[in-house]
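Note sheet for the following structure.
In my numbering, the protein residues as written are -12 to 385.
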């Protein structure tokens, strides 16, 4: 028997769960498929920027997320060698948003909150342990073959939205180019309950630490501090080993015996899909683009993708009509923002932290000092890092 819906969303991460819930709330029958038996406890993305919180406020879940997260109004750039700190305060933007802060809330919390709500929604269905095998489309819809723990199921929908991550099965099935590059080093995150704020004066919840020897990010979420560092040498076993852990924390706080709760290693890419859709199959989130995590733009960009997409498809899904024009606009706007803003900014952020050029580091520190000293430049900078400028850029693309 073939299961049918107006829309099928593949991937129950934060991007897919937002897409599915918003479609259901619009009155669209939607099925959300997830390959894992539950929303994976992925710790990589944890920042929700103000424009994203404004979107999620439509769902009435921001208070729940705040309860599960931490408000981070201030983020810092620190230089380990000079000891200088440059603090940027998002409360300066309180005249334009109800959420003048970054909310530190791990991505799986958002996904699990929405999938639980979707399971009880009259227009929604969430199915776990469903791995997409094949995707075929014709003039009226899309057919998927899906593997379960027992057999192979068939699904049919007017549209499929692929939010199935960096290794997207759907993108590969469409044979869409994924242009860009992969960084030679891997990133590793060590999570610890050790109170790092006891070791650094006025440490914020979000800190980007420049160092030509080993730059890092210190990020607080409710239960742990996360320490992200690059790993240039060694196999995966060494990168997450006790030896590497001791090396990192000896360098950080002069105590190699810190106990860690999690150790996560991953490849980092800067890539953008050649096309964001093929007729009735649409890519969003990590299936459409990848960037390094410096700035917290990845998950937020994916949520902005599906917000734009569901706005554009609303009338098509509810009333019929041409779908190509709204999907072309979706591609122009979201691919345009990804290439012009997110890719450029995240690459710049990484280069600034890792630079081994002493003069270059001094120039960057002076640039930050100049921005902080100038009210207009500081506000403009905050608007960019908080992703308001990316939203404005999207709106400017016709």
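The beta carbon of each residue, even a glycine, is placed where N, CA and C say it ideally should be.
Pairwise C-alpha distance: residue j and residue i
i, j, result
"residue 44", "residue 146", "26 Å"
"residue 50", "residue 5", "16 Å"
"residue 26", "residue 345", "44 Å"
"residue 136", "residue 379", "45 Å"
"residue 24", "residue 115", "5 Å"
"residue 220", "residue 182", "28 Å"
"residue 295", "residue 102", "20 Å"
"residue 316", "residue 385", "7 Å"
"residue 264", "residue 255", "24 Å"
"residue 66", "residue 208", "22 Å"
"residue 131", "residue 123", "6 Å"
"residue 277", "residue 213", "21 Å"
"residue 216", "residue 310", "44 Å"
"residue 319", "residue 31", "28 Å"
"residue 337", "residue 175", "15 Å"
"residue 84", "residue 41", "8 Å"
"residue 107", "residue 46", "14 Å"
"residue 159", "residue 148", "14 Å"
"residue 139", "residue 95", "27 Å"
"residue 312", "residue 2", "23 Å"
"residue 205", "residue 275", "28 Å"
"residue 355", "residue 361", "10 Å"
"residue 127", "residue 144", "9 Å"
"residue 251", "residue 177", "7 Å"
"residue 223", "residue 238", "20 Å"
"residue 299", "residue 69", "49 Å"
"residue 394", "residue 167", "The requested residue 394 is not part of the displayed model; the chain covers only -12 to 385."
"residue 271", "residue 227", "31 Å"
Other residues of its chain near residue i: CB distance less than 7 Å, five sequence neighbours each side excluded
i, result
"residue 7", "-4, 17, 19, 105 and 111"
"residue 339", "197 and 351"
"residue 225", "231"
"residue 48", "100"
"residue 87", "37, 60, 77, 78, 80 and 81"
"residue 282", "332, 333, 336 and 372"
"residue 28", "95"
"residue 303", "310 and 313"
Nearest-angstrom Cβ-Cβ length linking residue i and residue j, presumed shorter than 8 Å
i, j, result
"residue 113", "residue -8", "Rounded, the Cβ-Cβ distance is 12 Å, inconsistent with contact."
"residue 129", "residue 267", "5 Å"
"residue 343", "residue 199", "4 Å"
"residue 381", "residue 321", "7 Å"
"residue 152", "residue 273", "5 Å"
"residue -11", "residue 186", "With 8 Å as the limit, residue -11 and residue 186 do not qualify as a contact, their Cβ atoms being about 59 Å apart."
Contacts around residue i, its chain only, beta-carbon distance under 6 Å, and the 5 residues preceding and following it disregarded
i, result
"residue 358", "364, 365 and 368"
"residue 377", "324 and 328"
"residue 63", "72, 74, 191 and 194"
"residue 165", "258 and 260"
"residue 134", "118 and 120"
"residue 245", "179, 181 and 236"
"residue 279", "255, 333 and 337"
"residue 387", "With the chain covering only -12 through 385, there is no way to say anything about residue 387."
"residue 386", "Given a span of -12 to 385 for the chain in the structure shown, any question on residue 386 remains unanswerable."
"residue 163", "260, 261 and 262"
"residue 21", "-1 and 115"
"residue 55", "92 and 96"
"residue 314", "264"
"residue 341", "202"
"residue -6", "10, 15, 17, 144 and 146"
"residue 155", "149 and 274"
Identified DSSP bridge partners for residue i
i, result
"residue 58", "90"
"residue 124", "129"
"residue 96", "According to DSSP, residue 96 bridges with nothing at all."
"residue 64", "73 and 195"
"residue 139", "134"
"residue 119", "133"
"residue 146", "-6"
"residue 112", "18"
"residue 84", "Bridge partners of residue 84: none, in fact."
"residue -11", "141"
Neighbourhood of residue i by C-beta, 8 Å cutoff - its chain only, sequence neighbours within 5 removed
i, result
"residue 287", "34, 35, 36, 38, 39 and 374"
"residue 14", "110 and 305"
"residue 297", "6, 9, 10 and 13"
"residue 57", "90, 91, 92, 192, 207, 208 and 209"
"residue 211", "178, 179, 180, 248 and 249"
Any non-hydrogen atom of the ligand NAP closer than 8 Å to residue i Cβ
i, result
"residue 268", "Only the bare structure without any ligand can be found here, which leaves the ligand NAP out of the picture."
Minimum Cβ-Cβ distance from residue i to chain D less than 9 Å
i, result
"residue 342", "Chain labels in this structure do not include chain D; a single protein chain is all it has."
### Task
Could you pull out every unbroken alpha helix (DSSP H) segment of at least 4 residues lying fully inside the stretch 243 to 328, listed in chain order?
285 to 306 and 311 to 324
### Task
Output the residue ranges of the alpha helix (DSSP H) runs that lie fully inside the stretch -3 to 60 and measure 4 residues or longer, sorted by chain position.
Secondary structure within the stretch -3 to 60: the alpha helix (DSSP H) runs of 4 or more consecutive residues, fully enclosed, are 1 to 13, 37 to 43 and 49 to 55 (chain order).
### Message
I'd like the ranges of any beta strand (DSSP E) spanning at least 3 consecutive residues and lying wholly in the stretch 152 to 219.
### Response
165 to 169, 173 to 179, 193 to 197, 203 to 207 and 212 to 218
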